[in-house]
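Undergrad:
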Amino acid sequence: MKLNSGISRQISLSMALVALGIILLVQISSYALYTYLIRHSPEFMNSDPLDMTPTSEEVIWLVVTTFISVVIAVTAAGKLSRRILAPLNSVAESLRRVAQGDLTARATNYDHAMGEAAQLVSDFNRMAERLQHMEQERVFWNAAIAHELRTPVTILRGRLQGITDGVFVPDQAQFQNLLTHVEGLGRLIEDLRMVALAESGHLALQKVRASLSSEIETVLQLADPLLQAAGFRLELDLTPQAVLCDPMRIRQALLALLENVRKHATPGVVRISSLASGSTCRLRVEDEGPGIDPALALHVFDAFQRGDQTQQRGGSGSGLGLAVVKAIAIGHGGQAICRPSKLGGTLFELNWPLA
Ligand SMILES: Nc1ncnc2c1ncn2[C@@H]1O[C@H](COP(=O)(O)OP(=O)(O)OP(=O)(O)O)[C@@H](O)[C@H]1O
Ligand SMILES: [Mg+2]
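Structure, rendered in structure tokens:
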């Protein structure tokens, strides 16, 4: 609607200018012609005022002004249609290419394109950009999921084949090993489900009023022995505060952060703090190093992002832990942050509104 009104206003304005120009041309030139004829060549005027036959000068004047008027009208119409039609044609052409599957197609934004036509071109280009990005994401996700599922399934298949062929003894240790791999697969599938639910806005949380510090202590009963065994020392700075949250999901996020400390940080102090500032509550986990490369820190909460060192070490993680942490933070109406810690390593923070 806006497009029509804007462009039709421009067309009306241009037409009015053309009409005004032609009328002025006719009026001024006729005034000039008769002034000249009366002053300098009165003999060329019709001697009989009732004779309506145009003189040769008048015929020339009529032909010349008609010609100039047509040129003015054609030039104005051409200019106008170029400013409107060139961008529209470009969008139509690119749209056809996008429909045929070429998501790299972009419309050309001409310099003098009219406001709305130029807006249409840039909106179209933004949409094409988004589509291309989504397509790249889809391809990346499919490849990453296939890659992550292949390893545990190959291991399971090899083990089960070994047991069937009598190569492995089907004892308790063997089944325990199989169970560990199945649990790993289960976790991977659950992480993928969480991230997918969060991305589609369907992550359901059961929010209740809960004490954040007692939820943290519950997690630590489980995680502390493992952290201590790996050489970490806990430092707690907890503010007793009732907050609105889904306790199970908050415990899950904290566990993922502590699991990361155990896997990726150098042994030393791990500080866990909870605080309420203003209307926001914050849960932080900090370690002493080695920190996260700033380039990775920008995308560390995206799925399947892992540090170079982690990949070189052939780390067992899939790079979904922090994507789940972010999904939980966003589900709570808050955000997940990663920045350097004063302890020398990384600070991960989950924050969300208190009420
Ligand atoms: N505390 C930390 N110190 C240093 N690097 C970290 C820390 N936490 C995360 N990272 C880096 O961020 C990457 C992404 O972490 P994320 O938890 O998403 O995946 P992961 O731990 O590799 O795998 P998963 O959690 O799925 O088992 C890690 O691979 C690691 O390189
Ligand atoms: Mg992790």
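FYI, the numbering for the sequence shown is 331 to 685, going by my numbering.
We treat Cβ as the ideally placed atom computed from N, Cα and C, and that holds for glycine.
All of these numbers come straight from a predicted model, not from anything done at the bench.
Assign Gly621 to buried or exposed, taking buried as 16 or more other Cβ atoms, counted over all protein chains shown, within 10 Å of its Cβ.
TA: buried
Undergrad: Entirely within the segment 547 to 603 and at least 3 residues each: give me those beta strand (DSSP E) ranges in chain order.
TA: Those beta strand (DSSP E) runs which fall completely within the segment 547 to 603 and span 3+ residues are 563 to 568, 572 to 575.
Undergrad: To the nearest angstrom, report how far apart Gln502 and Leu508 are at their CA atoms.
TA: 10 Å
Undergrad: I need the straight-line Cα distance from Asp441 to Val401, nearest angstrom please.
TA: 24 Å
Undergrad: Should Thr676 and Asp617 be called a contact, given that it needs their Cβ atoms to be closer than 7 Å?
TA: With respect to the 7 Å criterion, Thr676 and Asp617 are classified as neighbours on the basis of their beta carbons.
Undergrad: Could you tell me whether any non-hydrogen atom of ligand 4 is closer than 6 Å to the CB of Gly651?
TA: By its list of ligands, the structure shown excludes ligand 4, since it contains just ligand 1 and ligand 2.
Undergrad: If we count the other Cβ atoms within 10 Å of its Cβ and call it buried at 16 or more, is Phe397 buried or exposed?
TA: Exposed, because fewer than 16 other Cβ atoms sit within 10 Å of the Cβ of Phe397.
Undergrad: Throw me the rounded Cβ distance for the Ala458 and Ser424 pair, which I believe falls under 8 Å.
TA: 7 Å
Undergrad: Using a threshold of 6 Å, is the CB atom of Gly647 nearer than that to any non-hydrogen atom of ligand 2?
TA: Gly647 Cβ: within cutoff of ligand 2.
Undergrad: Would Gly619 and Gln635 qualify as a contact pair, given that the criterion is a beta-carbon distance under 7 Å?
TA: Gly619 places its beta carbon 7 Å or farther from that of Gln635.
Undergrad: Which residue or residues does DSSP assign as beta-bridge partners of Phe678?
TA: Val615, Cys668
Undergrad: May I ask whether a heavy atom of ligand 2 can be found less than 6 Å away from the beta carbon of Asn316?
TA: Lying before the first or after the last residue shown, residue 316 is absent from the chain, which here runs from 331 to 685.
Undergrad: Whose C-alpha, out of Ser338, Thr405, Val389, is nearest the C-alpha of Gly351?
TA: Thr405
Undergrad: Would you call the segment 578 to 586 and the segment 540 to 552 in contact, with 3 or more CB pairs under 8 Å?
TA: Touching, yes.
Undergrad: Can you find the residues in the same chain that come closer than 7 Å, C-beta to C-beta, to Gly514, ignoring five residues on each side of it along the sequence?
TA: The answer, listed in chain order, is Pro482.
Undergrad: Could you give the distance in angstroms between the alpha-carbon of Pro500 and the alpha-carbon of Val512?
TA: 16 Å
Undergrad: How about Met524 and Val654: are their beta carbons less than 7 Å apart?
TA: yes
Undergrad: Quick check on the burial criterion: 16 or more other C-beta atoms within 10 angstroms. Buried or exposed for Lys332?
TA: The predicted model places Lys332 with a pLDDT of 48, which falls under 50 and marks its position as unreliable, so this point remains unresolved.
Undergrad: Express the C-alpha separation of Gly336 and Ala666 in angstroms, rounding to a whole number.
TA: 44 Å
Undergrad: According to DSSP, is Val421 part of a helix, a strand, or is it coil?
TA: helix
Undergrad: Under 6 Å: does the beta carbon of Asn419 sit that close to some heavy atom of ligand 1?
TA: no
Undergrad: Tell me whether Leu605 sits in a helix, a strand or coil according to DSSP, three-state version.
TA: strand
Undergrad: Just mark Phe470 as buried or exposed, buried being the case when its beta carbon has 16 or more other beta carbons within 10 Å.
TA: exposed
Undergrad: Beta-carbon within less than 7 Å of Glu630's beta-carbon, same chain only, minus the 5 sequence neighbours each way: which residues are those?
TA: At residue 630 the sequence reads Val, which differs from the Glu that was named. The answer, listed in chain order, is Ile622, Leu652, Cys668.
Undergrad: Is the distance from the Cβ of Gly637 to the Cβ of Leu626 below 7 Å?
TA: yes
Undergrad: Quick check on this structure: which residue in Asp567, Glu387, Gly598 has the alpha carbon closest to the alpha carbon of Gln558?
TA: Gly598
Undergrad: State whether the segment 405 to 421 contacts the segment 431 to 451, with contact taken as three or more CB pairs (one from each stretch) at a distance under 8 Å.
TA: yes
Undergrad: Roughly how many whole angstroms lie between the Cα atoms of Ser338 and Arg427?
TA: 29 Å
Undergrad: Of all the options Phe454, Leu433, Gly408, Phe678, which has the alpha carbon lying nearest to the alpha carbon of Asn439?
TA: Phe454
Undergrad: Can the beta-carbon of Gly661 be found closer than 7 Å to that of Leu574?
TA: At a Cβ-Cβ threshold of 7 Å, Gly661 and Leu574 do not count as neighbours.
Undergrad: Would you give the residue range spanned by the beta strand (DSSP E) that Ala437 belongs to?
TA: Taken as a continuous stretch (DSSP letters only), Ala437 belongs to no beta strand (DSSP E), as it is neither H nor E.
Undergrad: Assign Arg563 to buried or exposed, taking buried as 16 or more other Cβ atoms, counted over all protein chains shown, within 10 Å of its Cβ.
TA: By the C-beta density criterion, Arg563 is exposed, having fewer than 16 other C-beta atoms within 10 angstroms.
Undergrad: So who's on the other strand from Ala540, going by DSSP bridges?
TA: Answer is Val573.
Undergrad: For Thr710, which three-state DSSP category applies?
TA: This structure does not reach residue 710, given that the chain is present from 331 up to 685, and the question cannot be answered.
Undergrad: Could I get the ranges of all uninterrupted beta strand (DSSP E) runs contained in the segment 508 to 541, with 3 residues as the minimum, in chain order?
TA: Runs of the beta strand (DSSP E) inside the segment 508 to 541: 538 to 541.
Undergrad: Out of Ser411, Gln639, Gly561, Gly608, point me to the one whose CA is closest to Gln571's CA.
TA: Closest by C-alpha distance to Gln571, out of Ser411, Gln639, Gly561, Gly608, is Gly608.
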